[in-house]
Every structure is written in C-alpha cells, then in structure tokens.
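Following: one structure in structure tokens, then a few remarks.
Residue numbers (the working numbering): 905 to 977.
Given below as structure tokens:
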C-alpha cells in the first residue's frame with residue numbers, strides 16, 4: 905500500500921483503537937486488525953448481511969476472546 909499521508913495530514917492513522925460497548929459503556933483497547941473487524945461487524949449488521957457479520961464475529965472472538973465478551977457478547 906502506498907503511503908500518501910505526508911501529502912494529506914488527515915490521512916494519518918491516529919492509532920486510537922478504543923471501542924465502547926453500546927449497551928453498558930465498557931471500553932477496550934484493540935489492535936488495528938481487531939478494531940477493523942469490530943467495525944465490520946456493525947457495518948454488516950446495518951446492511952443486514954448476516955453471514956458476513958457472523959464471519960467477522962467468529963474471527964474477532966478467536967483473536968481476542970476477552971474483548972469479544974466485553975464488547976459483543
């Protein structure tokens with residue numbers, strides 16, 4: 905991937921991968937990969953793409969079971 909962040913300052917990754925449980929407010933610091941998967945879960949949920957959502961949930965739960973239990977279970 906080509907890094908163009910030096911050209912457009914807003915493209916820089918702020919490295920904030922904290923996610924909050926939408927029901928109880930608990931927060932968890934995730935890795936970039938985990939944060940992307942977490943976001944994809946809600947993206948696919950909004951589009952009612954249940955199979956894709958379930959695949960993301962399964963992968964997330966294997967990568968970080970503790971975060972899965974806090975954020976998504």
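Each residue gets a CB set at the ideal place from its N, CA and C atoms; glycine is no exception.
These figures come from a predicted structure and were not determined experimentally.
Pair within 8 angstroms by beta-carbon distance, residue i and residue j
i: residue 947; j: residue 935; result: no
i: residue 967; j: residue 945; result: no
i: residue 926; j: residue 942; result: no
i: residue 933; j: residue 974; result: no
Residue i beta carbon near the ligand ATP (any heavy atom closer than 7 angstroms)
i: residue 929; result: With respect to the ligand ATP, the structure offers nothing, as it holds no ligand at all.
Coil, strand or helix - residue i by DSSP
i: residue 933; result: strand
i: residue 946; result: helix
Outcome for residue i when other beta-carbon atoms lying within 10 angstroms are tallied against a minimum of 16
i: residue 950; result: exposed
i: residue 964; result: buried
i: residue 938; result: buried
Span of the alpha helix (DSSP H), counted from its first residue to its last, around residue i
i: residue 966; result: 954-967
Span of the beta strand (DSSP E), counted from its first residue to its last, around residue i
i: residue 924; result: 922-924
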